[in-house]
Structures are given as C-alpha cells and as structure tokens.
Amino acid sequence: MREYLIAGNWKMNKTPSEAAALAKEILPLVKNSTSKVMVAPSFVCIPAVAEVIKGSNIILAAQNMATATEGAHTGETSVLMLKELGVEVVILGHSERRHIYGETNEMINEKVKLALANGLKVDLCIGELLEEREAGKAEAVCYEQLEKGLAGLSKADMANVMIAYEPVWAIGTGKTATPADAEAIHAACRGKIAQLFDEATAQATNIQYGGSVKPDNVKELMAMENIDGGLIGGASLTAPSFGALANFDK
Ligand code: PEP
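Going by our numbering, the first residue of the sequence shown is number 626, and it counts up by one from there.
Rendered as structure tokens:
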C-alpha cells in the first residue's frame, strides 16, 4: 500500500531565520498528518530547519546536489555535506534545474546514482513543457526522462526512489492539470516503471503530482488512483496553507 507524501519545495525563498520560523509554525500543524510530510529548504537554510524538526515526523530534503562528492566544483554542494546535515531525501531533476540551469537527463542520472550510493533517497522530477504537451508528446517526454534518469538502477534501488510528475506549464502558474489529465500521465509513468523494472516495483513507487497544488484542489488530485502525493512550491511557503495540504481530507 502506497503512503501519500506531501512535500514542500521552498525553492530560493526564506532566509535561515525565516525558514526556521516557518518550520516551527508547521510542526504542530502536521504532527498528526496521516501522510508523510517533507520539506526542502535551500541549502543554507538546512541546518536551521534540521534543528527545528529534529525528532519530528517531518522528513528533511534538499533541492539538488552535485554530480561529485568533493573537489573543485565551485558553488556546488555534495551528497556528503547533505548527509552530515541530516538530509534524507534529495529532489533531483526539478524543471527549474533542467530548464534554467541546463541539467540534462544524463547529469541527473549521475546525481541519482550518486545519491543512492551514498544512502540518500531520491525524488526524481519529470514533466513536459507546454509546447511538448501541445505537440502530443507529454508521455514520450516523461518516458525518456524516466528511462534516462533511472538508467543503471536495480529493483532494490527503486525502494529508495520516488517520482514527482510536474508538468512545467503548471509550475508556479496557477494552471493545474485536471485530475484526469494528471492521472493519465501518472498511470502511464507507472506502466513505464513496470516495463523498466517490474510490476511490483511500479506498484510500490510513490508518484507525486506537482504544479499549482493548493488546499482547494488537493483533494480531487489525491483522489486519483495513481497520484500518491504532492510536490508543492508556492502553497508550501505559509504554515496554514502547508498544514491544510498535509491534512487534506482523504
Ligand atoms: C514546484 O516547485 O515543484 C511546484 C510544483 O511549484 P508550485 O506548487 O508553486 O507550482
């Protein structure tokens, strides 16, 4: 049985003191959530947030990591650094990393393998651009991102991998995929995972939806059979909104 995951991607928002304050406000609101709850602050906010959520039910995530463990990589942050700070999950391949910072499927795959080899869990983001959807290529783009992003992984590795389907045209735009449209891609991606690994692996894999998820649309999205949670940007930045999402009416 898959558990829901409600994850907040704070992106490049909040200073360390603001992030700690938000984490403090969120704690009591999510402590009885029947979903798994995760937050991904920016790198420099991780220590302050880790201190606040220590011993709680909130999973600490990072938004990215380097393709190497150490060395001459100015401006990068390594998996070893994240682990020492108590990070459990790393979000990889977010559309902003792919489309603003030019990350390729191959680079993302290197990061996926490095994270897993070092004991971090991975939340791999996939999703199509508007022009790709309009050209009828949404599924093909997601299939390619799955095939290349998960290349070289074993079935056992997949126990530590989650997927977030985030149509790029729905991120931060207020446009949400309809539950039916999102479900169609989620089901197709689950089918692809079955093809790449096996049916049991596909059934066990958590696939979240992301793209303008808000307290007022979360319930209908989560009601879809293959949607196992939400990766949430804007609506994760205030405690009442994230609290409402973490406690959505099942
Ligand atoms: C995201 O950042 O992954 C995201 C889905 O953002 P938003 O919820 O703001 O669309």
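Think of the CB as a built atom: it goes at the ideal place given N, C-alpha and C, for glycine as much as any other residue.
Taking only three categories from DSSP, how would you classify residue i?
i, result
"residue 788", "strand"
"residue 834", "strand"
"residue 793", "helix"
"residue 734", "helix"
"residue 844", "helix"
"residue 746", "strand"
"residue 862", "coil"
"residue 693", "coil"
"residue 712", "coil"
"residue 686", "strand"
"residue 778", "coil"
"residue 852", "coil"
"residue 671", "helix"
Please look up how many angstroms separate the CB atoms of residue i and residue j, rounded, as I've assumed it's under 8 Å.
i, j, result
"residue 685", "residue 674", "7 Å"
"residue 774", "residue 718", "6 Å"
"residue 746", "residue 785", "5 Å"
"residue 818", "residue 771", "7 Å"
"residue 697", "residue 677", "Between residue 677 and residue 697 the Cβ distance is about 34 Å, and since that is not below 8 Å, they are no contact."
Closest Cβ-Cβ distance between residue i and chain C: below 9 Å?
i, result
"residue 757", "Absence of chain C from the displayed structure is noted, only one protein chain being present."
Give me whichever residues DSSP pairs with residue i in a beta bridge.
i, result
"residue 661", "630"
"residue 751", "790"
"residue 651", "Per DSSP, none; premise fails for residue 651."
"residue 717", "749"
"residue 810", "DSSP lists no partner for residue 810."
Considering only C-alpha positions, which residue in the set the options is nearest to residue i?
i, options, result
"residue 779", "795, 738 and 757", "738"
"residue 692", "662, 730 and 724", "730"
"residue 705", "721, 741 and 728", "741"
"residue 888", "862, 872 and 858", "An answer regarding residue 888 cannot be provided, because it is not within the stretch 626 to 875 covered by the chain."
"residue 709", "734, 744, 716 and 722", "744"
| task | Check whether the region 840-850 touches the region 820-829, counting contact only when three or more Cβ pairs, one atom from each stretch, lie closer than 8 Å. | result | With a cut-off of 8 Å, the region 820-829 and the region 840-850 do not count as touching, because too few Cβ pairs lie within range.
| Looking at C-beta atoms only, is the number of pairs between the region 801-816 and the region 779-790 that lie closer than 8 Å three or more? | Segments in contact, yes.
| query | Hey, is the region 856-869 in contact with the region 651-658, meaning 3+ C-beta pairs nearer than 8 Å? | reply | Judged by pairs of C-beta atoms under 8 Å, the region 856-869 touches the region 651-658, as three or more such pairs exist.
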